Amino acid sequence: MFSLSELGQHLKEAREQKDISLDDLQQTTKIQKRYLIAIEEGRFDSLPGLFYARAFIKTYAEAIGLDPEPLFDQFRGELPNPQRESVQLPSRTERARVAPKAPRKRPKGSPFVSTLLAIVFIAIIVIVIYLFNQGNIDPEVVEQPDTSENVEGEFSETLPEEEEPVADEEEEPVADEDEQADVEPEPEPDSISLNFIESQGNVSYYELVGGTLEAIRIEVSGTSYIDVKNALGKTLYLSNKGENTTLDFSSEEEILLNFGASTNVNLFIGETEVEFPLDIPHQKINITVVNEE
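In my numbering, the protein residues as written are 56 to 348.
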């Protein structure tokens, strides 16, 4: 059984055999030199967070020409477990300033359409009554108005001098309009918060607050190599065809998405689009689920 210091010593010896200095490694991986030294000395508590340790170790290994997956298998029992760390979350006010908000949808029903239909219907009734009073239409033709809007009415052959029936016909559509105006749309559900942390090398780190990884949607507009791995480095999805797909990783607390041609890809978590912070074709997105307390 290996210790954490032996893992760091293994990486350090491989680096020195390749004649790669810490300064060169810092330039290649974009990981600060003090973190590289902490990895070699097994001081993972000096890193920004334990859930970053695996990503840093993987980036370190790839930069010196080592395959990280056999390395993870060899030191499986000694690698830090990101799920053991208690993540200190910012306050709700701070998260609200940085968290992207899903756009609110307009209610499906529109009172404007109902109001317009009521006005048209009233206008038709007024015109029919006016023509009837002028003697320009046959009373037998005017039996009842158009019932396409489910409003019934009857007209007698002789109308009183006062136009009270017209006022009655005008009041009914207005009542329908008020009833529809009182119906308030259902409240929108709270959106999840996807917080950008930082970018190291070609990896960008996000925290997902208030949601799970159950609806990962990948939309591809061209050819792109895509693979998805969990925190232990296990491959969950692999594609070379560049096809649209929706994936469910609700059982995972952390995933790493690798895109060979990110310019051809749009990434969504539910309805929230994940931005690609780096202006490079090959980049990776690391997402860690953080549960609100």
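For every residue, glycine included, the Cβ atom is placed at its ideal position computed from N, Cα and C.
Source: prediction; values computed, not measured.
Assigned secondary structure, residue i (DSSP; H/G/I helix, E/B strand, else coil)
i    : result
Q338 : strand
N250 : strand
S76  : coil
I273 : strand
S306 : coil
E262 : strand
Q87  : coil
T114 : helix
T170 : helix
P158 : Caution applies to P158, whose pLDDT of 47 falls short of 50 and renders its modelled position unreliable; the value that the coordinates give is listed next. In this structure, P158 counts as coil in the three-state DSSP scheme.
Q81  : helix
Member of the options whose CA lies at the smallest distance from the CA of residue i
i    : options                   : result
V345 : A270, H337, Y185 and I247 : I247
L302 : D79, I273 and E68         : I273
N299 : V181, S305, S276 and A286 : S276
S294 : G288, L312 and E307       : L312
A110 : G120, F314 and G288       : G288
Y280 : I174, A69 and T318        : T318
A108 : E71, D79, Y260 and T278   : Y260
Q255 : Y90, I310, P125 and T290  : Y90
A286 : E326, F106, A178 and E71  : F106
F323 : G315, D282 and A270       : A270
P257 : E68, L268 and I335        : Checking the displayed sequence, the identity of residue 257 turns out to be Asn instead of Pro. The shortest C-alpha separation from N257 is found at I335.
CA-to-CA distance, residue j to residue i, given in whole angstroms
i    : j    : result
E96  : D128 : 20 Å
K339 : K284 : 11 Å
I75  : I119 : 8 Å
K85  : T114 : 9 Å
L62  : D122 : 14 Å
G325 : Q64  : 42 Å
T83  : E309 : 25 Å
T343 : L263 : 6 Å
I252 : K296 : 31 Å
D78  : Q87  : 9 Å
A154 : L249 : With a pLDDT of only 43 at A154, under 50, the local geometry of the prediction cannot be trusted, and the value read off the model is given with reservation. Taking the straight line from one Cα to the other gives about 6 Å.
E71  : A93  : 16 Å
T278 : F314 : 10 Å
F331 : F304 : 20 Å
N-terminal and C-terminal residue of the beta strand (DSSP E) that residue i is part of
i    : result
F314 : E309 to F314
D282 : I281 to N285
T327 : T327 to V329
L293 : T290 to S294
Endpoints, alpha helix (DSSP H) assigned at residue i
i    : result
F323 : Careful: F323 lies outside any alpha helix (DSSP H), inside the beta strand (DSSP E) at V320 to I324.
F127 : P123 to Q129
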